[in-house]
Structure formats: structure tokens, C-alpha cells
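Step one of this worksheet: look at the structure below.
There are 2 protein chains.
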Amino acid sequence: MKKLINNAAATMVPDALAGLAAAHPGLNVDTVNTVVTRAAVPRGKVALISGGGSGHEPLHAGFIGPGMLDAACPGEIFTSPVPDQMHAAAKAVDSGAGVVFIVPNYTGDVLNFELAAEMAAADGIAVETVLVDDDVAVRDSAFTAGRRGTGATVFVEKIAGAVAEQGATLTEVAEAARAVNAASRSFAVALTPCTTPAAGRPGFDLPEDEMEVGAGIHGEPGRGRVKVCPAGEIATSMVEAICSDMPPRPGEHAIVLLNGMGATPLIELYVLYGTVAVRLAERGVTIARNLVGDYVTSLDMAGASLSVCYADDRMLSLWDAPVNTPALRWGI
Amino acid sequence: MKKLINNAAATMVPDALAGLAAAHPGLNVDTVNTVVTRAAVPRGKVALISGGGSGHEPLHAGFIGPGMLDAACPGEIFTSPVPDQMHAAAKAVDSGAGVVFIVPNYTGDVLNFELAAEMAAADGIAVETVLVDDDVAVRDSAFTAGRRGTGATVFVEKIAGAVAEQGATLTEVAEAARAVNAASRSFAVALTPCTTPAAGRPGFDLPEDEMEVGAGIHGEPGRGRVKVCPAGEIATSMVEAICSDMPPRPGEHAIVLLNGMGATPLIELYVLYGTVAVRLAERGVTIARNLVGDYVTSLDMAGASLSVCYADDRMLSLWDAPVNTPALRWGI
């Protein structure tokens with residue numbers, strides 16, 4: 001294992017948070033509670049909070065800033081944050097309008113955010129929880145009841161963040177977030193496993209000529225292993241998986257995220273994107289907006305995920321609204 | 333080798349360019365000449381052109397757009413583009429004010445850009461060529477006379493791009509570009525080799541417990557191989573290499589790029605950045621702006637490079653000017 005870490009794997013998350021704080025003055029890092037917040041949350045704005053295990057950067061802390069999240073709770077690598085972190089985050093960024101917990105569906109995270117919601121409610125903080133469950137690969141798994149939450153988290157955080165920035169109520173922000181999740185689907189392939197620093201070796205084996213189809217963002221099993229095939233076939237199968245789960249309506253417009261898992265060269269993502277665009281066009285889907293790059297990663301895993309949000313005009317307009325975070329920035 | 337490519341390694345660059353064109357309507361891809369241009373170059377603006385081998389994405393095509401490059405010539409993977417590409421690019425984007433060739437110092441690229449400059453001059457296009465040679469690791473190598481050109485290319489393209497956008501003359505744009513290069517230094521470490529699709533196996537061997545210190549962006553040898561050490565020590569040695577080559581003046585401000593080589597998890601870059609920031613502060617350098625992420629990559633190489641530009645107020649202001657490219661975007 002070769003990793004850019006300090007003396008112990010155990011300090012990786014705090015060490016990275018120190019770097020995050022140094023790089024981004026718009027973020028506050030609370031090292032006692034392991035919570036990252038937007039330096040200045042406007043008074044009266046509904047606050048958006050997300051979190052999950054580390055190792056998926058820039059998710060979630062890289063999406064904190066005007067127009068997107070107000071706080072994130074980074075857990076240890078691939079490990080849910082604890083309720084105390086989420087509770088501390090809620091207290092830090094609530095300014096009376098309430099908070100929305102955006103929770104990618106993994107059982108540990110879901111249970112911990114539930115406890116945190118109770119703790120926050122006991123403090124008089126109004127909480128709405130929005131589950132993200134976009135991954136069509138598996139219905140249930142050892143890690144989730146229902147679908148896993150993956151790339152659509154970026155769509156939910158961006159669009160709900162824009163709604164909150166406009167002064168919407170807690171209910172309105174939560175409803176917008178749920179609408180985005182309902183309109184979004186994802187599908188991933190993993191070419192290689194990833195190695196957590198604590199384990200020091202790959203989390204699973206993947207033969208040199210095989211890939212995991214429908215993999216989760218920690219390398220969880222998906223629909224099975226097949227021989228590695230040309231990028232065009234992979235792109236076709238990703239579009240097929242998504243569109244068969246949620247067929248596009250006539251004239252459908254979409255926001256598309258073609259996401260690298262951490263060790264995928266950008267040139268490969270563009271090769272894949274070429275066919276994704278052709279296949280979606282064949283199904284009558286107009287790609288109105290897109291992101292190509294590493295947004296929801298899995299440490300040093302090679303592979304890619306495709307996320308599609310069937311977006312109406314309002315969602316597109318909210319997507320275009322100004323945002324200023326470490327990983328997404330435009331209009332500011 | 334597992335890569336997201338289509339049936340043959342030979343089609344990787346055109347396949348990726350098809351994806352680039354699909355993803356970014358602000359770019360035009362000329363598939364005949366293998367040239368990527370900004371969809372609309374303002375009349376009378378000095379045009380900026382760069383190029384080099386593919387495999388370093390988002391460099392260079394990912395930096396085309398308002399406020400940065402007007403054209404890029406992607407070569408085959410790790411192979412210089414040919415003079416005809418550069419000549420075609422000059423003809424495509426020159427609107428009478430001339431073109432600046434921004435050339436990271438690799439011998440093949442330098443020779444080909446020289447030929448292209450002659451071809452363009454024969455067409456009556458005024459050309460200035462700016463060499464980028466920021467890598468302090470080695471003075472000469474099998475690939476370069478003088479220092480290699482690496483991460484500072486991002487600084488040069490961004491700042492000279494802003495100068496050109498303001499309506500400066502050809503001489504002024506070239507002078508600004510040279511000033512940025514003169515104020516910039518870089519240093520890299522490679523943890524793993526990278527694999528070109530055509531070769532199908534790693535370009536060099538690197539034992540499981542060693543790293544290449546001072547590596548080039550194709551994995552060229554640097555100052556030697558040492559045992560992998562903690563990130564903090566790596567960061568310290570990077571800062572030392574840069575600051576001993578170009579000592580900071582009192583009150584120095586800097587733009588810093590901490591760049592991943594393609595397969596480096598973002599969380600590891602932030603771990604590294606934490607110590608980079610501390611070490612630069614100890615030397616009296618204020619990091620005024622920074623980028624942390626993958627900007628000048630080496631396919632699937634793991635490792636990182638640090639680039640530092642000692643920037644005066646004018647450079648900082650030009651850095652902050654609006655830019656709208658696939659890989660860098662703000663203010664628009």
C-alpha cells in the first residue's frame with residue numbers, strides 16, 4: 001500500500017481536515033466535533049447538512065458553501081459519522097429556520113442521522129431528513145435496506161442548496177430535495193478494488209480481466225462480475241440500467257454526472273461520456289447539463305458511475321444558480 | 333491493464349475528444365486536424381494556444397474557454413502533437429492580433445511548436461512562443477534541454493488568458509506569460525508508474541516500498557528513489573526543493589497548485605496540503621490562492637506535484653478574473 005498519509009492511518013481524517021481548512025477559508029473545521037461548516041450561514045436560511053464516511057471526497061465537505069451545503073460530518077474512512085457529529089453540525093448551522101439532513105442510503109448513516117434528528121429536535125431544532133437512494137444496481141444489500149445512495153447526492157445537495165439560498169421554508173427545501181432524488185438514478189462499474197489505509201490491502205479481489213457491474217461506492221457487490229469490455233459497451237449498459245429502471249418521457253431533459261471513482265484517468269471518463277451521450281440521445285434524452293470528473297469517489301478505486309436526473313425547467317434553473325464550494329463553483 | 337477504452341488503444345484520443353465535444357458545447361472539436369478550439373474567439377483578441385501529448389487531462393483542452401486558452405492541440409498519449417495541428421489551431425483562432433504558443437518544455441513539443449510558428453508566420457500570423465519550464469527536479473534530461481514544464485502551465489494559461497481577454501497586445505500577453513513562468517516552480521513525487529493503453533503495462537517499475545522523488549509527468553526519473561515516507565515529510569521536501577531553488581522574498585504571496593497525478597485520492601492531497609501550508613507559512617509565504625485536485629495528470633499514476641507561483645498583486649487580480657473552462661471556472 002502506498003498512500004500519502006502521515007504516521008498512522010488513524011489520523012488520516014483529521015490530517016485531511018487540517019488541509020481542507022488551510023485550503024478553503026470559506027470553511028470552518030471544528031476539530032473537536034469533527035464537523036465542517038460554512039464560515040457564514042445567512043441568518044434565517046434553512047441549513048443543509050450531509051455526511052457519511054470519508055474516502056469519497058469531494059463528497060461531502062467539498063460541497064459546502066454558498067448555494068449548496070452548510071455543514072458536513074465526515075466519518076472515519078468508509079464509516080458512518082456518529083450522531084454527536086450530526087447533532088453538533090445542526091446546532092452550529094441552524095439559525096431558526098431548521099435543518100435538512102441529506103442522507104445517502106447506507107444503513108449505518110441512516111440510523112445515526114435518525115438519532116441525531118431526535119437529539120436536534122430535543123434542542124428545539126426543526127429537522128427534515130431526505131434519503132438519497134439512486135443506485136439501481138441492487139434493491140437491498142448487506143449495507144442497505146432499499147437502494148444505495150450514490151451520485152445523485154450531488155444533484156440533491158446542489159438543487160436543494162439553491163432552493164434554501166432563495167429563502168424557501170424547511171418543508172419546501174426538503175420537498176425539492178426529495179423531488180430531485182425521485183428523478184435521479186445511478187449505476188456504477190468498478191475496475192479495481194480500493195484500499196483503505198487501515199486495512200492496508202484491497203478490500204476485495206477483482207481478477208485482472210474482470211469488472212464488478214453495479215458496484216457500490218465502497219466496492220460492494222453489484223449485479224455480478226463480467227469480463228472487462230470496451231468502454232462503449234460499458235456506457236451502453238449503464239444507460240440501459242438507468243433507463244430501464246426509470247424510462248425517459250418524451251422530450252426528457254437531464255442533468256448527467258459521469259463520475260470517476262478516484263483512480264480513473266479523466267481521458268477515460270471522456271471516452272465513456274462519448275457513448276453515454278449517444279445512447280441517451282437515442283432514447284430521446286437531451287443532456288441539458290453535465291459534470292464529468294471525480295465527485296463521489298471511492299479512495300483509489302478505478303471505475304465510473306453514471307447518474308442521471310430527469311430535470312424540469314425549475315430544476316435546471318436551480319442547478320444553474322450560483323454556487324461557491326471547493327468542488328463546484330460557478331456564477332460567483 | 334484495465335482501462336475504459338474502446339476496441340483499440342489507437343482510437344483513445346479521438347474517442348475522448350468526441351466525449352469532450354459532447355460534454356462541452358463551448359468547445360469546437362476539429363476531428364480532421366485534431367484541434368480543439370473555443371467556440372467563439374472574440375475578434376481582435378490575442379489567441380492563446382497550447383498543446384502536448386494526451387494523458388494529462390484536463391491539461392490542455394480542459395482549459396479552453398473565456399479567460400484562458402483559445403485552442404489546444406492534443407497529441408497521441410504522451411506524444412507531442414505535430415506541427416500541422418498547431419498550425420491549424422493558429423489559423424483557426426487568430427483574428428489578426430496574433431497568437432501565443434504556450435509550450436511546456438519537452439523537446440519534441442518545443443521543436444514542433446517552432447516549426448508551427450514558422451508555418452504560421454508564412455501565413456502572416458504573428459506568433460510569440462512562451463516556454464514553461466518550472467520543474468526544479470532536474471536540469472536536463474533525456475526528454476528536455478533545461479527544466480521540464482509541468483504544473484506552472486496552469487498558472488501561465490490562466491493569467492496570460494486573463495491578460496489577453498482584457499485586450500492586451502501580443503507582446504503584452506507573451507510578457508505576462510513569461511513573467512508567470514519566471515515566478516513559478518514545481519516539484520513532484522510519483523508513488524506508482526502509469527500505464528499507457530498502447531503499451532498495456534506500466535511504463536517503469538517502482539518497488540512496492542519506494543517512490544520516485546522529482547518525477548516528471550510521464551514518470552521520467554527525477555532525483556532518485558527513496559522509501560515511501562509519511563506525507564508530512566514528502567510535503568516538506570517538496571517545499572524545500574522549490575524554496576531552495578527560488579527563495580521567497582519577505583512578505584511573499586503565492587498561488588499554490590497541489591496537483592494529483594491521476595490516481596491519487598483527493599483525501600490524500602488534502603493530507604499533503606496541510607503540511608505544505610504549514611511549511612510555506614514557516615518560510616514567510618502567504619498562500620493567497622490555491623488549487624487542490626487533478627489538473628496536470630499522468631494517466632493512472634499515483635503521486636502529486638506542488639507548484640508555487642510567487643504572485644504580485646497584478647497576477648493575483650488576473651488569477652481572480654472570470655474564467656469559464658471545463659476544468660477551471662469562476663466569476664461566470
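If you read the sequences in order, they're chains G and W. Quick note on numbering: the first sequence equals residues 1 to 332 in the working numbering. Quick note on numbering: the second sequence equals residues 333 to 664 in the working numbering. Positions of the beta carbon are idealized from the N, C-alpha and C atoms, including for glycine. Treat the numbers as computed from the prediction; the structure is a model and nothing was measured.
- Within the same chain, and ignoring the five residues on either side of V189 (chain G) in sequence, the residues whose Cβ sits closer than 6 Å to its Cβ are M211, V213, I234 and G303.
- One alpha carbon belongs to L269 (chain G), the other to I125 (chain G), and they sit about 42 Å apart.
- L359 (chain W) is a Cβ neighbour of R370 (chain W), given a cutoff of 8 Å.
- The beta carbons of F475 (chain W) and T528 (chain W) sit about 15 Å from each other, so the pair does not count as a contact at 8 Å.
- Per DSSP, the beta-bridge partners of M211 (chain G) are G:V226.
- The alpha-carbon separation between V136 (chain G) and T153 (chain G) amounts to approximately 14 Å.
- Per DSSP, reduced to three states, the secondary structure at M301 (chain G) is strand.
- Here D313 (chain G) carries a helix assignment [DSSP, helix/strand/coil].
- Around P104 (chain G), no beta-carbon contact reaches into chain W at under 7 Å, the shortest distance being about 17 Å.
- Within chain G, K2 have C-beta atoms less than 8 Å from the C-beta of T524 (chain W), given in sequence order.
- The three-state secondary structure of A254 (chain G), taken from DSSP, is strand.
- Chain W has a Cβ within less than 8 Å of the Cβ of R329 (chain G).
- Taking 8 Å as the threshold, the shortest C-beta distance from I267 (chain G) to chain W falls below it.
- Annotated three-state conformation of I102 (chain G) is strand, per DSSP.
- Residue contact check for Y602 (chain W) against chain G: a CB pair falls below 8 Å.
- Interface criterion not met: the Cβ of S307 (chain G) is under 8 Å from no Cβ in chain W.
- Around the Cβ of G384 (chain W), a 10 Å sphere holds 16 or more other Cβ atoms; the residue is buried.
- For T275 (chain G), the CB contacts under 6 Å within the same chain, skipping 5 residues up- and downstream, are G232 and A235 in chain order.
- Contact between the segment 67-87 of chain G and the segment 29-49 of chain G is present: 3 or more CB-CB pairs across the two stretches fall below 8 Å.
- With contacts defined as CB atoms closer than 8 Å, N259 (chain G) and A355 (chain W) fail to qualify as a contacting pair.
- Close to chain G, meaning a Cβ-Cβ distance shorter than 7 Å, are the following residues of the segment 388-404 of chain W: E389 and P390.
- Non-local C-beta neighbours of G284 (chain G) in its own chain, meaning closer than 8 Å and more than five positions away in sequence, comprise P248, P250, G251 and E252, ordered along the chain.
- For N591 (chain W), DSSP records a beta bridge to W:G625 and W:S637.
- Between the alpha carbons of G167 (chain G) and V173 (chain G) lies a gap of roughly 9 Å.
- Look at V560 (chain W): its C-beta is under 8 Å from a C-beta on chain G.
- Out of G:A263, G:P66 and G:R314, the CA that lies nearest to the CA of G55 (chain G) is found in G:A263.
- Here G149 (chain G) is not near R139 (chain G), since their CB atoms are 8 Å or more apart.
- Burial check for E165 (chain G): the Cβ neighbour count within 10 Å reaches 16 or more, so the residue is buried.
- Collapsing the DSSP output to three states places N656 (chain W) in a strand.
- Of the candidates G:L115, G:A177 and G:I217, G:I217 places its Cα closest to the Cα of G151 (chain G).
- Residue range A231 to D245 is occupied by the alpha helix (DSSP H) that includes C243 (chain G), with no beta strand (DSSP E) assigned at that position.
- Setting aside the 5 residues that flank it on each side, N656 (chain W) is surrounded in the same chain by G397, P398 and I664, each with a C-beta closer than 6 Å to its C-beta; the list follows chain order.
- For F78 (chain G), no beta strand (DSSP E) encloses it, and the DSSP letter there is neither H nor E.
- Closest option to N181 (chain G), judged by alpha-carbon separation, among G:C309, G:P83 and G:E208: G:C309.
- Between G62 (chain G) and A327 (chain G), the alpha-carbon positions lie close to 5 Å from each other.
- At a cut-off of 8 Å between beta-carbon atoms, D294 (chain G) makes contact with chain W.
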